[in-house]
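These protein sequence lines are chains A and B, in that order.
Residue 1 is where the first sequence starts when you use the UniProt record's numbering, and the numbers rise one by one after that.
Residue 1 is where the second sequence starts when you use the UniProt record's numbering, and the numbers rise one by one after that.
We put the beta carbon where it would ideally sit given N, CA and C, even for glycine.
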Amino acid sequence: MPKQHLPPPQVLGGTLDQPQGAAEKGSLASLLQPCQPQSQRSATIRRGFQVAARRGHHGALAGGPYILPRFSPASAFGSSTDSLVSRFCQEKTDLKNYTLPNASWCPDMLNLYHEFLEKTKADGWIRLPSFKSNRNHIQGLKLPLALTVTSDKSDCRIFTRCIKMEGQGYEYGIFFHPSKKSVCLFQPGPSLEGPPRFAHGGSLAAMIDETFSETAYLAGEGLFTLNLSIRFKNLIRVGSLAVLNVDVEKIEDQKLYISCVAQSADRQTVYAKASGTFLQLQLEEDSSQY
Amino acid sequence: MLRSCTAALRTLRALRGRREGASPAARDPVLARRWFSTEKVIPKDHALPNPSWSKDLRLLFDQFMKKCEDGSWERLPSYKNSKLVKEQLSQAQLFTRGYEDGLGFEYVIFYNDDEKRTVCLFQGGPYLQGVPGFLHGGAIATMIDATVGMCAAIPGGIVMTANLNINFKRPIPLCSVVVINSQLDKIEGRKLFLSCNVRSVDEKILYSEATGLFIKLDPEKSLT
């Protein structure tokens, strides 16, 4: 991907025009404030936000601390779905891809997996790879400076790939369609138990959040979950398949609105219905990697 | 979650028994012998400090243990497998306790019976990552579900999550400690309405807010 020039830093949105105290608790401005009040850098950034608020939102701040760029889909760095997908999928990589059938997959899961694999040939569906950490999916990119955390343990794993033994934890595969929808085939293993022999509600919440987050990212650079609302209808038996059908409902005001229905393979049982909201945020080029 | 609820309820009754006097098992030697004979191994209580606990988590734990001294607060022990399940799947374990120390969920839940609230001290490890450097939304959702669920199970008995609505205000850095406060707002028949917030140790940062609806289950009916 050719190097792009970043747009000049601008204060994010109109909310920062208000004096610091008026920023709503739930507003984007408050979300983007750093969450490590002890560090010197956070204090500097917070002062930076206050300064930016007083100066208004026109033009770049010369010499000031880095402010998050306004999200702009049309800008040089605002990526199309195609480029997001190709970066996410990392075609030429040695990384282990967890979205491949293994001996623990039940017949329902294998059947649907192969059905969708066929759809990748003709109907434009894309099988998403799944690596050990989300960091692997965004090689060459990083979070905006204000959100970089200092503790950077190398042995981090994405929550849904934390249990290494086949069949024991989350077995899943996600297929994405550029029309902004996706399907996740999810088989919970015995390590995800809550009520005896059924999956813990939290494991389904995590699977829904992960599918939402990958779909939101590819559909429009959605990065952080703002809201997650789940209505549980029925329990999922451990070792059986749940099919999550996910749709992006709309994109507006720097937020992606997304919904999901989780049901059994034969669609006779609805396990849960969920909706979520994601914040759009552009990743930056990570020049330290070159 | 149900499994942890039933285990917790059993512990609760045992704790109450201790407060009122000797426990039923101690009073009845026959019962005690039968109980001990089925348990060849003493299960490990994970809701206790281990080397992976950060200083913040230990300090908070000590503060809450002090609050337990006058009986207004109780610590809930937490086991990997439920002692109540007769036919156990050999690989099955409570979801939140299936990790090596420090890698996944490190937490302890305290409850206050009079105020009908629970507090969970939670430290999320490197295997719970979402966006690099931060805790996965699903991991937070799991802990909120566990804390709110416990808050519902104490007055409600066997309960199941019906709705969970979480607003994420700020991302939680990986390996930091947060405090999850949950309280029972009202009960309408079999419905329990609860709310919850997730804050930093010094209470200055609000990370998330959530509301939950739990349903009391009929213990006679099966789960499907």
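Beta-carbon gap between residue i and residue j smaller than 7 angstroms
i	j	result
T215(A)	L244(A)	no
A265(A)	I236(A)	no
D114(B)	S52(B)	no
D209(A)	L228(A)	yes
K181(A)	D247(A)	yes
C196(B)	V148(B)	yes
R97(B)	K80(B)	yes
L141(A)	L283(A)	yes
G167(A)	G201(A)	no
F175(A)	F131(A)	no
R197(A)	V238(A)	yes
S72(B)	N112(B)	yes
Beta-carbon proximity list for residue i, same chain, < 8 angstroms, skipping 5 on both sides
i	result
A141(B)	L164, I166
L60(B)	L121, V177, V179, V201
K169(B)	L206, Y207, S208, E209
G138(B)	G130
K116(B)	C151, I154, P155, Q183, L184
R231(A)	A272, K273, A274
L128(B)	G104, F105, L135, H136, A139, L174
R34(B)	Unreliable placement is indicated for R34(B), whose pLDDT of 42 sits below 50; no coordinate value is reported for it.
S203(A)	Y170, P188, L192, G194
C68(B)	E74, R75, F110
D62(B)	none
I126(A)	V85, C89, T120, F175, F176, H177, P178
N102(A)	E166, G167, E171
N50(B)	D101, G102, E106
A122(A)	none
Supposed contact pair residue j and residue i - C-beta distance, whole angstroms, cut 8 angstroms
i	j	result
L84(A)	L218(A)	5 angstroms
L128(A)	T99(A)	7 angstroms
S133(A)	I158(A)	5 angstroms
G276(A)	T225(A)	6 angstroms
A206(A)	H46(B)	Between H46(B) and A206(A) the Cβ distance is about 20 angstroms, and since that is not below 8 angstroms, they are no contact.
M143(B)	Y99(B)	Not quite, the Cβ-Cβ distance comes to about 13 angstroms (not below 8 angstroms), so this is no contact.
Chain-ordered chain E contacts of residue i [CB-CB under 7 angstroms]
i	result
E214(A)	This model lacks chain E altogether; the protein chains it does include are A and B.
Neighbourhood of residue i by C-beta, 6 angstroms cutoff - its chain only, sequence neighbours within 5 removed
i	result
A159(B)	Correcting the residue type first, residue 159(B) is Val in the shown sequence and not Ala. Contacts found: A152, A153, F214, K216.
P171(B)	F134
Q91(B)	Confidence at Q91(B) is low in this model, with a pLDDT of 46, below 50, so its placement is unreliable and the value that follows should be read with caution. Correct list: empty, nothing qualifies.
K204(B)	none
F110(B)	F64, W73, R75, V119
S259(A)	D247, E249, S275
G222(A)	A216, L256, F278, Q280
G212(B)	V148, L164, L194
C162(A)	none
R199(B)	V179, L206
Neighbourhood of residue i by C-beta, 7 angstroms cutoff - its chain only, sequence neighbours within 5 removed
i	result
L15(B)	Low local confidence applies: a pLDDT of 47 at L15(B) is under 50, so the model's placement there is unreliable, and no value is given.
E220(B)	none
T269(A)	N234, Q263
P178(A)	T81, G124
L185(A)	M109, L112, Y113, Y172, G173, L241, V243
P126(B)	L103, L174, C175
K186(B)	F193
W105(A)	E171, Q187
residue 225(B)	Residue 225(B) lies beyond the residue range present for chain B, which begins at 1 and ends at 224; the question has no answer from this structure.
P132(B)	none
T190(B)	Checking the sequence, you will find Arg at residue 190(B) rather than Thr. Closer than 7 angstroms at the Cβ level, and outside the excluded window around R190(B), lie I215, K216.
Residues from the segment 153 to 164 of chain B in contact with chain A, defined by Cβ distance under 8 angstroms: M160, T161, A162, N163, L164
Runs of beta strand (DSSP E) lying entirely within the segment 157 to 214 of chain B, each at least 3 residues, in chain order: 159 to 168, 177 to 188, 191 to 200
Every unbroken beta strand (DSSP E) within the segment 164 to 193 of chain A, with a cutoff of 3 residues, ordered by chain: 170 to 177, 181 to 188
Chain A contacts made by the segment 111 to 132 of chain B, where a contact means CB separation under 7 angstroms: Result list: P126, Y127, L128, Q129, G130, V131, P132.
Interfacial residues, the segment 177 to 193 of chain B to chain A, with Cβ spacing under 9 angstroms: none
Short-range partners of chain A found in the segment 45 to 57 of chain B, where Cβ spacing is below 7 angstroms: Result list empty, no residue passes.
Members of the segment 228 to 256 of chain A near chain B, C-beta cut-off 9 angstroms: Residues L228, S229, I230, R231, F232, K233, N234, L235, R237, V238.
Runs of beta strand (DSSP E) lying entirely within the segment 103 to 157 of chain B, each at least 3 residues, in chain order: 105 to 112, 117 to 124
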